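For reference, the structure discussed in these notes is given below.
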Amino acid sequence: GEQQWSLLPFFGLL
Amino acid sequence: MLEGKFEEASLLKKIVEAMKDCVSSCNFNCTENGISVQAVDNSRVLLISLLIEKDTFEEYRCDRNITLGIGLGSFSKIIGNGANSDYLTIQAEDDADTLGIIFEDKVKDKISEYNLKLLDIDADLLEVDAMETDATITLPSADFAKICKDMKTLSESLQITVTKDSAKFQSAGEIGSGSVVIKPKTDIDHPEESITISLDKPIDLSFGSKYLSDIIKATSLSQKVTIKLTEDSPGVFEYKLPSGYLRFYLAPKFDE
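For the record, the sequence lines run as chains P and U.
1 is the number of the first residue of the first sequence in the working numbering; add one for each residue after it.
1001 is the number of the first residue of the second sequence in the working numbering; add one for each residue after it.
What follows is the structure, encoded as structure tokens:
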């Protein structure tokens, strides 16, 4: 099935 | 002191309407160049990046950088009190705890003033670097909105595949499946109807329909939307403002 990625692995918290 | 006068209240209304269902509150960062916002939804799946450049305003001044913490639901209620065609001025003193919102009727001799209580917002900021893009699609924003709405009736996911000369949007669910294919087209008489697709690498990405439903609330801001896609990366959905933009960064889904 499909899982939803969060943005964190791509952008990271400042 | 900050003072920004919009030629028409409708622009700020549309911006706030497009944002308020994704994030409940956010910081408006005001500088001499204009106003910018970065806000992330609670699930950290969707990021909004807004830039209202100084040139968007009829009149603009910001003597010192100011951060205004704004509850978007409350802001929306107050700016809803003005007519679309009114001048709308936002005003804040340095270190203010309220934002002044003034509507001027262009025909009647009528001025309405409101104050919005500001919030102290400690928000997550994400580092959005310049991203590489494998494929860029520009299409009429109303067409994209219809595709997203239609495909949402079928599934929680919308799959976007881009090849050299077409972009395919498809969904499959319990009741069945559907797809829409668009191809590049130049319409000289109606440039807003043109479609462009540029591609460095083929794309196959899936996005959550519920987040796309939030994104297409920005449709009235611009006749066109530009979608920038890179394999295994967030998609960027950009609506241009007269001077500036409203961008959404949406994390894709992945197969387990």
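Glycine residues also receive a C-beta, built at the ideal position from the N, C-alpha and C atoms.
Predicted model, so just to flag it, every value in this text is computed and none were measured.
Just the chain P side, please: which residues come within less than 8 Å of residue i by C-beta, in chain order?
i, result
"Y1249/U", "L7 and F11"
"K1253/U", "E2, Q3, Q4 and W5"
"V1040/U", "L7"
"S1157/U", "E2"
Return the residue from the list the options that minimises the CA-CA distance to residue i.
i, options, result
"T1153/U", "T1138/U, V1162/U, K1201/U and I1175/U", "I1175/U"
"E1104/U", "A1096/U, D1095/U, D1097/U and Y1114/U", "Y1114/U"
"E1256/U", "S1206/U, S1010/U and G1080/U", "S1206/U"
"L1139/U", "S1177/U, K1183/U, T1133/U and I1066/U", "K1183/U"
"D1150/U", "D1134/U, A1130/U, E1127/U and V1180/U", "V1180/U"
"V1162/U", "V1107/U, D1041/U, I1227/U and S1194/U", "I1227/U"
"I1078/U", "K1185/U, S1010/U, A1123/U and S1166/U", "S1010/U"
"A950/U", "T1056/U, K1164/U, L1072/U and G1235/U", "Limits of chain U in this structure are 1001 at one end and 1256 at the other, which puts residue 950/U out of reach."
"K1164/U", "D1232/U, K1201/U and D1187/U", "K1201/U"
"M1001/U", "I1215/U, D1187/U and N1029/U", "N1029/U"
"S1024/U", "S1074/U, E1058/U and T1186/U", "S1074/U"
In angstroms, rounded to a whole number, what distance separates the CA positions of residue i and residue j?
i, j, result
"S1213/U", "F11/P", "23 Å"
"K1110/U", "T1196/U", "46 Å"
"T1230/U", "Y1249/U", "12 Å"
"I1048/U", "L8/P", "14 Å"
"T1089/U", "K1005/U", "4 Å"
"K1224/U", "D1143/U", "9 Å"
"I1070/U", "D1063/U", "20 Å"
"I1035/U", "G1173/U", "42 Å"
"V1037/U", "Q3/P", "28 Å"
"T1031/U", "T1136/U", "31 Å"
"Q1159/U", "I1147/U", "11 Å"
"L1281/U", "R1044/U", "Chain U is shown from 1001 up to 1256; residue 1281/U falls before or after that span and cannot be answered."
"G1244/U", "F1237/U", "14 Å"
"T1098/U", "L1068/U", "9 Å"
"D1204/U", "D1134/U", "11 Å"
"S1177/U", "K1168/U", "13 Å"
"D1041/U", "A1083/U", "29 Å"
"S1233/U", "V1128/U", "12 Å"
"I1216/U", "C1022/U", "11 Å"
"L1241/U", "E1192/U", "14 Å"
Is the CB-CB distance between residue i and residue j below 8 Å?
i, j, result
"K1014/U", "L1221/U", "yes"
"E1007/U", "Y1087/U", "yes"
"I1101/U", "L1116/U", "yes"
"S1171/U", "K1253/U", "no"
"W5/P", "A1039/U", "no"
"S1209/U", "S1141/U", "no"
"E988/U", "N1033/U", "Not covered by the structure: residue 988/U. The range shown for chain U is 1001 to 1256."
"L1050/U", "L1246/U", "yes"
"A1092/U", "I1066/U", "yes"
"S1076/U", "V1016/U", "yes"
"K1108/U", "S1085/U", "no"
"A1096/U", "N1027/U", "no"
"T1056/U", "A1145/U", "no"
With DSSP run on the structure shown, which of helix, strand or coil describes residue i?
i, result
"A1092/U", "strand"
"P1140/U", "strand"
"K1228/U", "strand"
"L13/P", "strand"
"D1055/U", "helix"
"K1164/U", "coil"
"A1039/U", "strand"
"E1008/U", "coil"
"C1148/U", "helix"
"D1200/U", "coil"
"V1180/U", "strand"
"I1078/U", "helix"
"E1174/U", "coil"
"E1017/U", "helix"
Cβ closer than 9 Å: which chain P residues qualify as neighbours of residue i?
i, result
"L1126/U", "L7, L8, F10, F11, G12, L13 and L14"
"E1256/U", "G1, E2 and Q3"
"L1047/U", "L7 and F11"
"S1043/U", "Q4 and S6"
"S1024/U", "Going along chain P, no residue has its Cβ under 9 Å from S1024/U, so there is no contact; the nearest lies around 18 Å."
"P1234/U", "W5, L7, F10 and F11"
Strictly below 7 Å CB to CB, what residues from chain P border residue i?
i, result
"G1208/U", "Q4"
"S1036/U", "In chain order: nothing, as chain P lies at least about 14 Å away."
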